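Chains as they are written, first to last, in the numbering used here: chain A, 1 to 159; chain B, 160 to 281; chain C, 282 to 825.
A quick write-up on the structure given underneath.
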Amino acid sequence: MPVETINGHRVLEAVNAALDRHGASREELIPILNQVNQALGYLPAEALSEISLRLKEPLSSVLGVASFYSMLSTRPRGRHVVQFCESAPCHVAGGREVWETLREALKLATDETSPDGKWTLITASCLGICGVEPVVIIDDDVYGNLTADKIPEILARYS
Amino acid sequence: MPIIKNLEDLKRVREEAHENRKRETAAGQIELIVGLSTCGIAAGARDILKAILEDIQNNNRVRIVVRQTGCIGLCEKEPIVQVVVGDQPKVTYGKVTPEIARRILADHVAGGKVLQNHVINL
Amino acid sequence: MRTIRSMVLVSNDLISMQRGAQDVYDRLQAEIKAYGLDQEISLAMVSDVGRHDALPLVIVYPEAVVYGPLKVEDVHGLVEEHLYKGRIVVNLQASNRELSGKIAWLNTRKGTLPAEQRIVLRRAGIIDPTNIEDYILNDGYATLGKALTYMTPAQVIDEVKKSGLRGRGGAGFPTGTKWGFVAKEKSPKKYVICNADESEPGTYKDRLILEGDPHSIIEALAIAAFAVGADEGYIYIRGEYKLAQERLKLAILQAEEMGFLGQNIFGTAFNFDLRIHCGAGAYICGEETALLESIEGKRGQPRTRPPFPTTHGLFGKPTLVNNVETLANVPPILLNGATWYRSFGTLSSPGTKVFTILGNVNTTRLIEVPMGITLREVIGIYAHGMKNGANFKLAQTGGSSGSIIPASLQDTPMDFDSFAKAGVALGSGALLICNEDTCVVDLAKVLLNFFRTESCGKCFPCRIGTQRACEMLEAIADGRATLKTLDQLMDLSTTLVNLSNCGLGQTAGTPLKDILTYFRAEVEAHIRLGVCPAGVCNTTEAVQ
């Protein structure tokens with residue numbers, strides 16, 4: 001079987017690494033998916049079928065879990081994932097304006113990835129950093145106390 | 160750290176730690192405590208920590224211990240830096256910028272003068 | 282930062298306004314500023330004081346002195362004597378000091394401010410969370426040692442029961458009783474789980490405890506495991522809390538090294554292993570049966586209850602699931618005793634509650650105060666008043682699963698029973714304070730969009746109901762709705778509350794009911810007049 005390559009990573013390698021670390025049991029499915037998702041940027045179909053084979057779990061149930069959780073993605077994502085908190089506290093604290101600016105700056109709608117593969121824009125439910133609302137998370141970096149005029153400078157930090 | 164097998168072990172460890180702290184305080188050690196919680200980091204606490212460490216190195220400041228702590232609940236005032244000089248009461252600074260952090264080191268830590276404008280009351 | 286030492290309330294009901302309450306208020310504001318007291322005294326209007334003989338009334342808090350009827354000329358002397366010099370002006374006092382209205386609670390405060398009382402947050406922001414020595418220096422693991430050495434499991438449960446501690450996740454179930462349920466199960470294998478899947482919008486108290494004091498949760502879980510007879514535990518922590526995960530992993534390693542976890546803890550026969558399970562982004566996993574499914578590696582869909590987790594939980598074994606804040610209360614209770622704990626809060630809800638204050642206020646922050654504090658006190662004292670002096674319109678409590686509390690209920694003590702009696706919910710402790718620029722339809726839209734996104738899709742009342750509710754609210758906001766829509770919305774609210782399988786769907790109906798109960802006129806204005814009174818919604822489609 002040819003080894004598929006995604007984003008320069010080998011799918012099989014990522015799956016093996018995750019199974020080695022967590023063990024091939026059903027209970028570890030979510031940590032396994034989490035790790036593969038982090039290594040490859042998303043969960044390609046090849047990875048899911050490999051995991052399903054190794055755990056002896058139906059593919060449907062592996063896909064069921066993969067599609068349920070918002071931190072797992074079954075579609076390719078951009079190099080940088082921008083998460084915008086759309087819950088009430090950020091909304092009341094001026095989040096709507098930040099959201100509009102973000103959308104215009106990236107020229108993306110919710111859940112879209114830019115054609116050059118740089119950005120993916122997603123909305124998230126409360127991220128629990130409400131003390132510094134409104135909040136945006138880019139990859140693992142948290143930006144708080146945001147206003148619309150801070151957006152261009154922050155986006156420029158990412159290549 | 161030793162393995163704790165009963166309450167006496169725990170008590171001994173606690174007392175030893177307590178004695179160590181007292182010695183350090185008596186020796187005039189200065190503690191700089193940076194609030195490193197998610198909200199603090201989101202407000203720029205990592206830059207503050209970096210500025211403090213660089214300043215200590217650049218100016219060869221001694222007897223300073225830099226520690227981290229969680230959030231005290233005043234997320235709006237983050238980044239927060241606390242200064243403890245010897246056995247004097249703790250001074251808390253809010254909305255600290257790298258510039259203010261350097262001034263805390265120069266004026267307060269080295270010069271003994273509290274930057275009243277940036278102090279917050281808890 | 283300002284420390285508020287006193288609150289001054291001016292009655293603004295219809296009669297008071299006719300008798301010049303606004304002038305009294307304006308003069309008070311000017312005089313307080315003139316005496317340089319505006320940094321320490323908070324001034325607010327209050328309706329329904331329950332006294333009609335002496336309007337307009339001015340109430341000075343925390344002394345709970347009632348002045349009235351007050352004229353503009355009296356204000357100068359009042360500010361100088363009482364607020365500046367601290368002497369009560371006897372000849373301005375209202376004849377009968379009894380208040381029968383909503384702020385009658387003022388007298389029960391007996392001249393004290395409800396001071397911040399840190400029990401669960403006592404170490405957060407003080408100690409270095411990555412250093413176990415700091416924790417031990419601050420009474421750390423002493424309670425676990427005490428429980429294992431001197432107490433039986435039954436005594437531990439009894440003490441927790443006597444303390445009256447109630448679950449802080451939102452439902453307020455008595456913690457000791459829950460522990461008792463698990464303890465009496467005869468099963469060789471039991472689990473204890475800490476629910477750290479904190480996802481209620483506006484709530485971040487658990488993150489603060491986990492990031493600032495991770496060992497306290499480990500210690501509390503070990504005590505809980507000892508009490509109910511479990512030897513394995515999980516901390517289910519939401520995937521987004523990366524820093525808290527790191528700190529907890531480190532803390533568990535440190536605790537294992539020193540023998541606070543593992544075999545023969547404190548030299549006794551008690552063994553306990555603790556693991557972390559990280560979520561992958563799903564609000565619903567905060568529901569305890571969905572959380573169990575998720576640990577088992579499945580989709581986080583709630584189970585049908587009964588059977589309850591206390592008998593059939595993780596992998597079918599009896600399981601105790603407690604919220605982070607609930608657990609953090611346990612070591613101090615055992616260390617200081619149930620009587621000490623009962624000295625805080627109210628009779629039915631003892632202890633403290635952590636609230637996160639958010640929204641249109643001067644200071645957004647997190648406080649831990651005794652149960653039974655009122656919204657007025659929270660806003661006036663801890664949030665330092667409304668931003669830009671705006672009027673308080675409503676508070677949304679407990680993240681999305683709480684209630685929308687109108688200003689008229691801001692004097693209701695915040696404890697489980699008083700809120701339940703008033704028909705609202707306390708929730709998880711988030712207080713989103715909104716001013717009059719907030720449109721209730723727009724707010725409900727955001728809340729319902731949250732439920733629509735986070736519904737797990739298992740049961741149809743919730744899956745379809747939240748979707749339809751969103752559509753109807755959008756129609757109201759756009760001016761496309763008719764009055765019939767409101768009846769349908771009320772129906773839908775009842776359906777969601779009564780027929781949903783779990784708490785998510787049940788609480789999704791609450792904001793709908795709340796806006797129609799307390800703000801019906803504002804909602805109707807969108808439909809009848811095609812106008813959004815707060816100027817938020819774009820209702821132009823209705824104007825033809």
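Note that CB positions come from ideal geometry on N, CA and C, so glycine has one too.
Since the structure is predicted, the reported quantities are computational estimates derived from the model, not experimental observations.
Open item on the list: Between I408 (chain C) and chain B, is the shortest Cβ-Cβ distance under 8 Å, so that the two count as touching?
Closed with: Residue numbering aside, residue 408 (chain C) sits at position 127 when the third sequence is read from its first letter. Yes, I408 (chain C) lies at the interface with chain B (some Cβ there is under 8 Å from its Cβ).
- [ ] Determine, using beta carbons only, whether T228 (chain B) comes closer than 8 Å to chain A.
- [x] The count along the second sequence starts at 1 and reaches residue 228 (chain B) at position 69. Cβ-Cβ to chain A under 8 Å: no for T228 (chain B).
- [ ] Examine chain C for any beta-carbon lying closer than 8 Å to the beta-carbon of N34 (chain A), and answer yes or no.
- [x] Looking up residue 34 (chain A) in the first sequence gives position 34. By this cut-off, N34 (chain A) is an interface position.
TODO: Give the residues of chain B in contact with A396 (chain C), contact being defined as C-beta atoms less than 9 Å apart.
DONE: Mapped onto the third sequence, residue 396 (chain C) falls at position 115. Simply none; closest approach about 13 Å.
Task: Close-in-space but distant-in-sequence residues of the same chain around G486 (chain C) (CB under 7 Å, 5 per side omitted) - done: For the purposes of this step, residue 486 (chain C) is taken as residue 205 along the third sequence, with counting starting at 1. Before going further, note that residue 486 (chain C) is Lys rather than Gly in the sequence given. For K486 (chain C), where only same-chain residues beyond five positions count, the Cβ hits under 7 Å are E606, V635, T637, L647 and G710.
Open item on the list: Excluding the 5 residues flanking A688 (chain C) on each side, which residues of the same chain have their C-beta closer than 7 Å to its C-beta?
Closed with: If you number the third sequence from 1, residue 688 (chain C) lands on position 407. F673, K674 and L675.
Task: Cβ separation of S480 (chain C) and S125 (chain A), assumed to be a contact under 8 Å, to the nearest whole Å - done: Translated into positions along the third sequence, residue 480 (chain C) becomes position 199. Translated into positions along the first sequence, residue 125 (chain A) becomes position 125. Sure, about 6 Å apart at Cβ, within 8 Å.
Open item on the list: Rounded to whole angstroms, what is the Cα-Cα separation between P792 (chain C) and Y316 (chain C)?
Closed with: In the third sequence, the residue the question calls residue 792 (chain C) occupies position 511. In the third sequence, the residue the question calls residue 316 (chain C) occupies position 35. Roughly 43 Å between the two C-alpha positions.
TODO: Identify the contact partners of L72 (chain A) in chain C, using a Cβ-Cβ distance below 7 Å as the criterion.
DONE: Numbered from its first residue, the first sequence carries residue 72 (chain A) at position 72. Within chain C, the residues near L72 (chain A) are A561.
Task: Inter-residue spacing [alpha-carbon to alpha-carbon] between Q83 (chain A) and S52 (chain A) - done: Within the first sequence, the letter at position 83 stands for residue 83 (chain A). Within the first sequence, the letter at position 52 stands for residue 52 (chain A). Going from the Cα of Q83 (chain A) to the Cα of S52 (chain A) covers about 29 Å.
TODO: Give the secondary structure of S61 (chain A) by DSSP, where H, G and I count as helix, E and B as strand, and everything else as coil.
DONE: As a working mapping, residue 61 (chain A) is identified with position 61 in the first sequence. DSSP places S61 (chain A) in helix when its eight states are reduced to three.
Open item on the list: According to DSSP, is E538 (chain C) part of a helix, a strand, or is it coil?
Closed with: Here residue 538 (chain C) refers to the residue found at position 257 when the third sequence is read from its first residue. For E538 (chain C), the secondary structure class from DSSP, reduced to helix, strand or coil, is helix.
TODO: Answer yes or no: does any C-beta atom of chain A fall closer than 8 Å to that of E235 (chain B)?
DONE: Position 76 of the second sequence holds residue 235 (chain B). Yes, E235 (chain B) counts as interfacial toward chain A.
Open item on the list: Assess contact between the stretch 592 to 600 of chain C and the stretch 457 to 467 of chain C, defined as three or more Cβ pairs (one per stretch) separated by less than 8 Å. Is contact present?
Closed with: Touching, yes, given that three or more Cβ pairs across the two stretches are closer than 8 Å.
TODO: Thinking C743 (chain C) and L777 (chain C) are a contact (beta carbons under 8 Å), I'd like their distance in whole angstroms, please.
DONE: Sequence index remark: in the third sequence, residue 743 (chain C) carries index 462 (1-based). Sequence index remark: in the third sequence, residue 777 (chain C) carries index 496 (1-based). Confirmed, Cβ separation roughly 7 Å.
Open item on the list: Does the beta-carbon of N672 (chain C), which I'm using as the reference point, lie nearer than 7 Å to any heavy atom of the ligand HEM?
Closed with: For the ligand HEM, the structure offers nothing, since it holds no ligand at all.
- [ ] With DSSP as the reference, please indicate the residues paired to L555 (chain C) in a beta bridge.
- [x] The count along the third sequence starts at 1 and reaches residue 555 (chain C) at position 274. According to DSSP, which records beta bridges pairwise, L555 (chain C) is partnered with C:G514.
Task: Selected residue, minimal CA-CA separation from G450 (chain C), among C:D478, C:G461, C:G457 and C:T458 - done: Here residue 450 (chain C) corresponds to residue number 169 of the third sequence, with the count starting at 1. Minimum Cα distance to G450 (chain C) is reached at C:D478.
Task: Assigned secondary structure, Q825 (chain C) (DSSP; H/G/I helix, E/B strand, else coil) - done: The residue given as residue 825 (chain C) occupies position 544 in the third sequence. Annotation note: pLDDT 41 at Q825 (chain C) (below 50); position unreliable, no value reported.
Open item on the list: For the stretch 14 to 30 of chain A, list every residue whose C-beta sits within 7 Å of some C-beta in chain C, in sequence order.
Closed with: Cβ contacts with chain C come from R26, E27, E28, L29 and I30.
TODO: Mind checking which residues open and close the alpha helix (DSSP H) that includes T734 (chain C)?
DONE: Along the third sequence, read from residue 1 onward, the residue named residue 734 (chain C) stands at position 453. Run containing T734 (chain C): V721 to E735, per the alpha helix (DSSP H) assignment.
Open item on the list: Strictly under 8 Å for the Cβ-Cβ distance: is S125 (chain A) near chain C by that measure?
Closed with: Within the first sequence, the letter at position 125 stands for residue 125 (chain A). Judged by the 8 Å Cβ criterion, S125 (chain A) is in contact with chain C.
TODO: Compare the C-beta of T791 (chain C) against all C-beta atoms of chain A and say whether one is closer than 8 Å.
DONE: Counting from one through the third sequence, the residue named residue 791 (chain C) turns up at place 510. So, not an interface residue.
Open item on the list: Quick check on N604 (chain C): buried or exposed, where buried means 16 or more other Cβ atoms within 10 Å of its Cβ?
Closed with: Within the third sequence, the letter at position 323 stands for residue 604 (chain C). Answer is buried; the Cβ neighbour count reaches 16.
- [ ] On the DSSP bridge assignment, give the partners of Q83 (chain A) in chain order.
- [x] The residue given as residue 83 (chain A) occupies position 83 in the first sequence. Looking at the DSSP assignment, Q83 (chain A) forms a beta bridge with A:I122 and A:I137.
TODO: Could you check the C-alpha separation between M1 (chain A) and P58 (chain A) for me, to the nearest Å?
DONE: Residue 1 (chain A) sits at position 1 when you count from the first residue of the first sequence. Residue 58 (chain A) sits at position 58 when you count from the first residue of the first sequence. Since pLDDT at M1 (chain A) reaches only 44, below the 50 mark, its modelled position is unreliable, and the value read off the structure follows with that caveat. So the two alpha carbons sit approximately 20 Å from each other.
Task: Minimum C-alpha distance to L212 (chain B) - residue among B:E235, B:Q247, B:G253 and B:A260 - done: Looking up residue 212 (chain B) in the second sequence gives position 53. Among B:E235, B:Q247, B:G253 and B:A260, the Cα nearest to that of L212 (chain B) is on B:A260.
TODO: List the residues of chain D that T484 (chain C) touches, going by C-beta distances under 8 Å, in chain order.
DONE: The structure shown has no chain D; the protein chains it does contain are A, B and C.
TODO: Check whether the Cβ atoms of G594 (chain C) and L615 (chain C) lie closer than 8 Å to each other.
DONE: The residue you call residue 594 (chain C) lines up with position 313 of the third sequence. The residue you call residue 615 (chain C) lines up with position 334 of the third sequence. Against a cut-off of 8 Å, the Cβ pair of L615 (chain C) and G594 (chain C) comes out as no contact.
- [ ] For I546 (chain C), name the three-state secondary structure that DSSP assigns.
- [x] On the third sequence, residue 546 (chain C) is found 265 positions in, with the first residue counted as 1. Helix at I546 (chain C).
- [ ] Check whether the Cβ of M282 (chain C) lies closer than 8 Å to any Cβ atom in chain B.
- [x] Working through the third sequence from its first residue, we reach residue 282 (chain C) at position 1. Low confidence applies here, because M282 (chain C) scores a pLDDT of 47, under 50, leaving its location unreliable; read the following figure in that light. Yes, because at least one Cβ of chain B sits closer than 8 Å to the Cβ of M282 (chain C).
Open item on the list: Against chain A, which members of the stretch 190 to 207 of chain B pass a CB distance test of less than 8 Å?
Closed with: T197, C198, I200, A201 and A202
Open item on the list: Less than 8 Å between CB atoms is the rule here; does N276 (chain B) satisfy it with respect to chain C?
Closed with: Residue numbering aside, residue 276 (chain B) sits at position 117 when the second sequence is read from its first letter. No, no contact with chain C.
Open item on the list: Using beta carbons (cut-off 8 Å, strictly below), is A185 (chain B) in contact with chain C?
Closed with: Position 26 of the second sequence, counted from the first residue, corresponds to residue 185 (chain B). No - not a single Cβ of chain C is within 8 Å of the one on A185 (chain B).
TODO: Give a yes or no on whether the C-beta atoms belonging to H80 (chain A) and Y158 (chain A) are separated by under 8 Å.
DONE: One-based indexing of the first sequence puts residue 80 (chain A) at position 80. One-based indexing of the first sequence puts residue 158 (chain A) at position 158. Yes. Within cutoff.
Open item on the list: Comparing C-alpha positions only, which one of C:G578, C:I546 and C:Y515 sits nearest to S25 (chain A)?
Closed with: Taking the first residue of the first sequence as position 1, residue 25 (chain A) is located at position 25. It is C:G578 whose Cα lies nearest to the Cα of S25 (chain A).
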